[in-house]
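Novice: Sending over a structure as structure tokens; questions will come in a sec.
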Amino acid sequence: MSRGRDIILDSIADGVFTVDRDWNITSFNRAAERITGISREQAVGQKCFDVFHADVCQKACTLRESIESGKEIIDRRINILNSEGKQVPLSISTAVIRDEEGEAAGGAETFRDLSDIEILRREIQGRYTFADIISQNHEIREIFDILPDIAVSESTVLIEGPSGSGKELFAKALHTLNTARKGQFVAVNCGALPDTLLESELFGYVKGAFTDARKDKPGRFARAEGGTIFLDEIGDIPPAMQVKLLRVLQEKEYEPLGAAATVKADVRVIAATNKNLMQLVSRGRFRDDLYYRLNIVKINIPPLSSRREDIPLLTDHFISRFNAKKGKQIRSMSAQAMAILMQHDFPGNIRELENIIEHAFILCRGSEIRPGHLPRELSAGMDITEQNENVEAKSIELTKRQAEVTMILNALQRHNGNRKETADELGINKTTLWRKMKKYGVSFADKKLQ
Amino acid sequence: MKIAIAIFGTRVSPRFDFAPGFMLVEITDGEIVSRREIPAEGWDGLERIEKLAESAVEAVICGAIDRFSLRQLEMRGIKVYSWITGEAEDALSSFQKGQLESGFMMAQGGRCCGRWRFRQGQSQGQGRGRGRGRRGLPGAW
Chain A
1 MSRGRDIILD SIADGVFTVD RDWNITSFNR AAERITGISR EQAVGQKCFD VFHADVCQKA
61 CTLRESIESG KEIIDRRINI LNSEGKQVPL SISTAVIRDE EGEAAGGAET FRDLSDIEIL
121 RREIQGRYTF ADIISQNHEI REIFDILPDI AVSESTVLIE GPSGSGKELF AKALHTLNTA
181 RKGQFVAVNC GALPDTLLES ELFGYVKGAF TDARKDKPGR FARAEGGTIF LDEIGDIPPA
241 MQVKLLRVLQ EKEYEPLGAA ATVKADVRVI AATNKNLMQL VSRGRFRDDL YYRLNIVKIN
301 IPPLSSRRED IPLLTDHFIS RFNAKKGKQI RSMSAQAMAI LMQHDFPGNI RELENIIEHA
361 FILCRGSEIR PGHLPRELSA GMDITEQNEN VEAKSIELTK RQAEVTMILN ALQRHNGNRK
421 ETADELGINK TTLWRKMKKY GVSFADKKLQ
Chain B
1001 MKIAIAIFGT RVSPRFDFAP GFMLVEITDG EIVSRREIPA EGWDGLERIE KLAESAVEAV
1061 ICGAIDRFSL RQLEMRGIKV YSWITGEAED ALSSFQKGQL ESGFMMAQGG RCCGRWRFRQ
1121 GQSQGQGRGR GRGRRGLPGA W
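Following this line, the structure appears as structure tokens:
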């Protein structure tokens, strides 16, 4: 009977497992293998909690509730850790299994992966956490390590990084990580607002402040009360505003336009810029006292071109996100298409990569993104077309070369440019390392790929 | 040295971030000098890590662990033995003998009776070692 049952269970898109009276898993279908990352052979015979790793296992087991009450439980939201240590949101339903005498003989649990829905929900609510920042790059991982401490410290943070590198995502993660801040996350792009509007946008105005001010309007600082305000492109704000902002940071208070009284502000400020603020200070375009107030903690986000190892990871991430958003089922990017991306410089950083994948989603009708689906200007100048017979060999060569460059760069960074130690780690001769660096034009000082 | 075992009843907790308690064990020259259990209910992710670091723990034994916690523990120089399943006592004696490795399925006396292998990894290997003793099952019914 079990074989017939397995065939039926395997054909179901939802994960299903059953347990006996001692919580030992007795069956585990194919979708369950996919969602948990654990094979049936491993799972069967193990305790369900040792395989399922749900947040509720140790406190409020849904299956136990079902079995004890004899009632079916439907659509309870939980999360599990899969075999990669990643949280997967699930909707689960549980029921009791009875033997011929009507006695409880075990339980059955079905579960549906809600990752796609979760992606969309987060997009709507803008609640991003750590898990949304995707990187293997050592510089970013160093930021990761200090982010929780920065988040709870309440101090002002300055995020520097080129446009499209994800500054807002870091700011949101800082806000979400600080559970003590119950207020909202409010983002303001200072560069996008005309100087005259910026003040009323930030601080609000009171009725009668100017001709059209018919009623009080709270500003963004008021909306972010008890929460976090994110001031993007801070380098663009005019000198008069700089003074007012300095006052908010120092005195924790401000005056809405036309108001007679000051308003207290309990708002955490995170500022970001794609310019070198220190340079603006030395040119007299940015107040140094404001700079030092903002620059209590600084986070530097490197451009995508110096964290190329993240391109495949980010590509996978965007593919699953657009799959969820657009209801498509694209599985991967072909090696040739990936080789083109690996060669690109990404002046627009991660946002540019995102746009490229979105472009490919419009053109791609199959399950794999191929070079022809990428924007034409990317492969311009590169002899890669799908018709080219040598394309496979060439792209493999390109990928290999890229991988080698990345490995060398990473190792150099780990050893602060010490070639002897780098060569030792890579298991090659010091001369070989030097030859390879020369061949690929790698120099540690400027980290640029030729 | 001092180690912490994430516990669930008498077993190794299947999930670090929701483990209801930790067993803190001090080991000198391979002998257990002291042990005590501390409740961890209600500790959030970072709190857990900070409390363990404050207790000068040098190694953590647990079941599954999320990547954030893993990184945070390792950053503080704490060695993590993850994907350990079975009785906490068995994991402890395996650790005392210097045999414990991540992915061990524990059997009586600190023997390893199988290892976790994952589908997403390179090996899709068969699992060895099923079914273990039924003692001390948290909440067997």
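Protein chains in written order, with the working numbering: chain A, 1 to 450; chain B, 1001 to 1141. By construction, the Cβ of each residue, glycine as well, lies at the ideal position given by its N, Cα and C atoms. In this text, all values refer to a predicted model and were calculated from it rather than measured experimentally.
Quick one: is residue 1065 of chain B near chain A, going by C-beta distance under 8 Å?
Specialist: Locating residue 1065 of chain B in the second sequence gives position 65, where the first residue counts as 1. Closer than 8 Å: yes.
Novice: Take residue 1102 of chain B and list the residues in its own chain whose beta-carbon comes closer than 6 Å to its own, dropping the five residues that flank it on each side.
Specialist: Numbered from its first residue, the second sequence carries residue 1102 of chain B at position 102. Once the five neighbours on either side are set aside, the close Cβ partners of residue 1102 of chain B are 1081, 1082 and 1083.
Novice: Contact criterion: CB-CB distance below 8 Å. Does residue 1102 of chain B meet it with respect to chain A?
Specialist: By one-based count along the second sequence, residue 1102 of chain B stands at place 102. No, because no Cβ of chain A sits closer than 8 Å to the Cβ of residue 1102 of chain B.
Novice: Between the alpha carbons of residue 298 of chain A and residue 273 of chain A, how many angstroms are there, rounded?
Specialist: As a first step, residue 298 of chain A is located in the first sequence; it is residue number 298 there, counting from the start. As a first step, residue 273 of chain A is located in the first sequence; it is residue number 273 there, counting from the start. Cα to Cα, the separation comes out at about 11 Å.
Novice: Using the three-state DSSP reduction, which class does residue 274 of chain A fall into: helix, strand or coil?
Specialist: As a first step, residue 274 of chain A is located in the first sequence; it is residue number 274 there, counting from the start. In this structure, residue 274 of chain A counts as coil in the three-state DSSP scheme.
Novice: In chain B, which residues lie less than 7 Å from residue 78 of chain A when you measure between Cβ atoms?
Specialist: Here residue 78 of chain A refers to the residue found at position 78 of the first sequence. Near residue 78 of chain A there are no residues of chain B at all, since even the closest Cβ is about 11 Å away, more than 7 Å.
Novice: Compile a chain-ordered list of the residues in the segment 186-208 of chain A whose CB is closer than 8 Å to at least one CB of chain B.
Specialist: Per Cβ criterion, the list is empty.
Novice: Tell me which residues share the same chain as residue 333 of chain A and place their Cβ nearer than 6 Å to its Cβ, disregarding the 5 neighbours each side in the sequence.
Specialist: Residue numbering aside, residue 333 of chain A sits at position 333 when the first sequence is read from its first letter. Closer than 6 Å at Cβ, skipping near neighbours: 315 and 369.
Novice: Please give the ranges of any alpha helix (DSSP H) in the segment 333-370 of chain A, keeping only runs that are unbroken, at least 4 residues long and fully inside the region.
Specialist: Here the runs fully enclosed are 335-343 and 349-363.
Novice: Using DSSP with H/G/I as helix, E/B as strand and the rest coil, what is residue 264 of chain A?
Specialist: Here the question's residue 264 of chain A lines up with position 264 in the first sequence. Strand, per DSSP.
Novice: So, helix, strand or coil for residue 256 of chain A, using DSSP?
Specialist: Position 256 of the first sequence, counting from 1, holds the residue named residue 256 of chain A. Residue 256 of chain A falls in the coil class under three-state DSSP.
Novice: With residue 1106 of chain B as the anchor, note down where its beta strand (DSSP E) starts and where it stops.
Specialist: Working through the second sequence from its first residue, we reach residue 1106 of chain B at position 106. 1104-1107 is the span of the beta strand (DSSP E), which, as asked, contains residue 1106 of chain B.
Novice: Taking 8 Å as the threshold (C-beta atoms), are residue 228 of chain A and residue 268 of chain A in contact?
Specialist: Taking the first sequence and counting its residues from 1, one reaches residue 268 of chain A at position 268. Taking the first sequence and counting its residues from 1, one reaches residue 228 of chain A at position 228. In contact: residue 268 of chain A and residue 228 of chain A (Cβ atoms closer than 8 Å).
Novice: List, in chain order, every chain A residue whose beta-carbon is nearer than 7 Å to that of residue 1013 of chain B.
Specialist: By 1-based counting over the second sequence, the position of residue 1013 of chain B is 13. 58, listed in chain order.
Novice: Helix, strand or coil for residue 1143 of chain B, going by three-state DSSP, please let me know.
Specialist: In the structure as shown, chain B starts at 1001 and stops at 1141, and residue 1143 of chain B therefore has no counterpart that could be examined.
Novice: Touching or not, the segment 354-374 of chain A and the segment 182-195 of chain A, by the rule of three or more beta carbon pairs under 8 Å?
Specialist: With the cut-off at 8 Å, the segment 354-374 of chain A and the segment 182-195 of chain A do not touch.
Novice: Determine the direct distance from the alpha carbon of residue 152 of chain A to that of residue 178 of chain A, and round the result to whole angstroms.
Specialist: Here the question's residue 178 of chain A lines up with position 178 in the first sequence. Here the question's residue 152 of chain A lines up with position 152 in the first sequence. If you take the alpha carbons of residue 178 of chain A and residue 152 of chain A, they lie about 5 Å apart.
Novice: Return the CA-CA distance between residue 205 of chain A and residue 400 of chain A, expressed in angstroms with no decimal places.
Specialist: Here residue 205 of chain A is taken as the residue at index 205 of the first sequence, counted from 1. Here residue 400 of chain A is taken as the residue at index 400 of the first sequence, counted from 1. Between residue 205 of chain A and residue 400 of chain A, the C-alpha separation is close to 59 Å.
Novice: If you run the structure through DSSP and keep just helix, strand and coil, what is residue 323 of chain A?
Specialist: Sequence index remark: in the first sequence, residue 323 of chain A carries index 323 (1-based). Of the three classes helix, strand and coil, the one that applies to residue 323 of chain A here is helix, per DSSP.
Novice: List, in chain order, every chain A residue whose beta-carbon is nearer than 8 Å to that of residue 1187 of chain B.
Specialist: Outside the shown range of chain B (1001 to 1141) lies residue 1187 of chain B, about which nothing can therefore be said.
Novice: Please report the distance separating the alpha-carbon of residue 348 of chain A from that of residue 165 of chain A.
Specialist: In the first sequence, counting from the first residue as 1, residue 348 of chain A sits at position 348. In the first sequence, counting from the first residue as 1, residue 165 of chain A sits at position 165. Spanning the two alpha carbons is a distance of roughly 8 Å.
Novice: From the beta carbon of residue 1018 of chain B, is the nearest beta carbon of chain A less than 8 Å away?
Specialist: Counted from its first residue, the second sequence places residue 1018 of chain B at position 18. True, the Cβ-Cβ gap to chain A drops below 8 Å.
Novice: To the nearest angstrom, how far is the alpha carbon of residue 63 of chain A from that of residue 43 of chain A?
Specialist: Taking the first sequence and counting its residues from 1, the one referred to as residue 63 of chain A is at position 63. Taking the first sequence and counting its residues from 1, the one referred to as residue 43 of chain A is at position 43. Using only the alpha carbons, I get a separation of about 17 Å.
Novice: Strictly below 7 Å CB to CB, what residues from chain B border residue 310 of chain A?
Specialist: The residue labelled residue 310 of chain A in the question sits at position 310 within the first sequence. Those do not exist, as residue 310 of chain A stays about 15 Å from chain B at its closest Cβ, beyond 7 Å.
Novice: According to DSSP, simplified to helix, strand and coil, what is residue 115 of chain A?
Specialist: For the purposes of this step, residue 115 of chain A is taken as residue 115 along the first sequence, with counting starting at 1. If DSSP states are grouped into helix, strand and coil, residue 115 of chain A belongs with the helices.
Novice: Assess, as a yes-or-no matter, whether the segment 315-327 of chain A is touched by the segment 271-287 of chain A under the definition of 3 or more beta carbon pairs within less than 8 Å.
Specialist: As far as the Cβ criterion goes, the segment 271-287 of chain A does not touch the segment 315-327 of chain A, which means the pair count is below three.
Novice: Find the nearest neighbour of residue 451 of chain A within the set B:1054, B:1002 and B:1064, judged by alpha-carbon distance.
Specialist: The shown model of chain A, from 1 to 450, leaves out residue 451 of chain A, and the question about it has no answer.
Novice: At the level of alpha carbons, what is the spacing between residue 331 of chain A and residue 102 of chain A?
Specialist: In the first sequence, residue 331 of chain A corresponds to position 331, counting from 1. In the first sequence, residue 102 of chain A corresponds to position 102, counting from 1. If you take the alpha carbons of residue 331 of chain A and residue 102 of chain A, they lie about 46 Å apart.
Novice: Is the separation between the beta-carbon of residue 1118 of chain B and that of residue 25 of chain A shorter than 8 Å?
Specialist: To locate residue 1118 of chain B, count along the second sequence from 1; it is residue 118. To locate residue 25 of chain A, count along the first sequence from 1; it is residue 25. Not a contact, by the Cβ cut-off of 8 Å.
Novice: With DSSP as the reference, please indicate the residues paired to residue 87 of chain A in a beta bridge.
Specialist: As a working note, residue 87 of chain A is residue 87 in the first sequence. For residue 87 of chain A, which the question treats as bridged, DSSP gives the partners A:81.
Novice: The alpha helix (DSSP H) spanning residue 241 of chain A covers which residue range?
Specialist: Start at 1 with the first residue of the first sequence, and residue 241 of chain A comes out as number 241. That run of the alpha helix (DSSP H) goes 239-251.
Novice: Assign residue 1001 of chain B to buried or exposed, taking buried as 16 or more other Cβ atoms, counted over all protein chains shown, within 10 Å of its Cβ.
Specialist: Looking up residue 1001 of chain B in the second sequence gives position 1. Per the 10 Å Cβ criterion, exposed.
Novice: Kindly identify the DSSP beta-bridge partner or partners of residue 1115 of chain B.
Specialist: For the purposes of this step, residue 1115 of chain B is taken as residue 115 along the second sequence, with counting starting at 1. Looking at the DSSP assignment, residue 1115 of chain B forms a beta bridge with B:1104.
Novice: Chain A partners of residue 1048 of chain B, CB-CB under 7 Å?
Specialist: The count along the second sequence starts at 1 and reaches residue 1048 of chain B at position 48. In chain order: nothing, as chain A lies at least about 12 Å away.
Novice: Using 8 Å as the threshold, is the C-beta distance between residue 242 of chain A and residue 280 of chain A below it?
Specialist: Within the first sequence, the letter at position 242 stands for residue 242 of chain A. Within the first sequence, the letter at position 280 stands for residue 280 of chain A. Cβ atoms of residue 242 of chain A and residue 280 of chain A: not closer than 8 Å.
Novice: Between the C-alpha atoms of residue 1023 of chain B and residue 50 of chain A, what's the straight-line distance to the nearest angstrom?
Specialist: Taking the second sequence and counting its residues from 1, the one referred to as residue 1023 of chain B is at position 23. Taking the first sequence and counting its residues from 1, the one referred to as residue 50 of chain A is at position 50. For residue 1023 of chain B and residue 50 of chain A, the distance between alpha carbons rounds to 19 Å.
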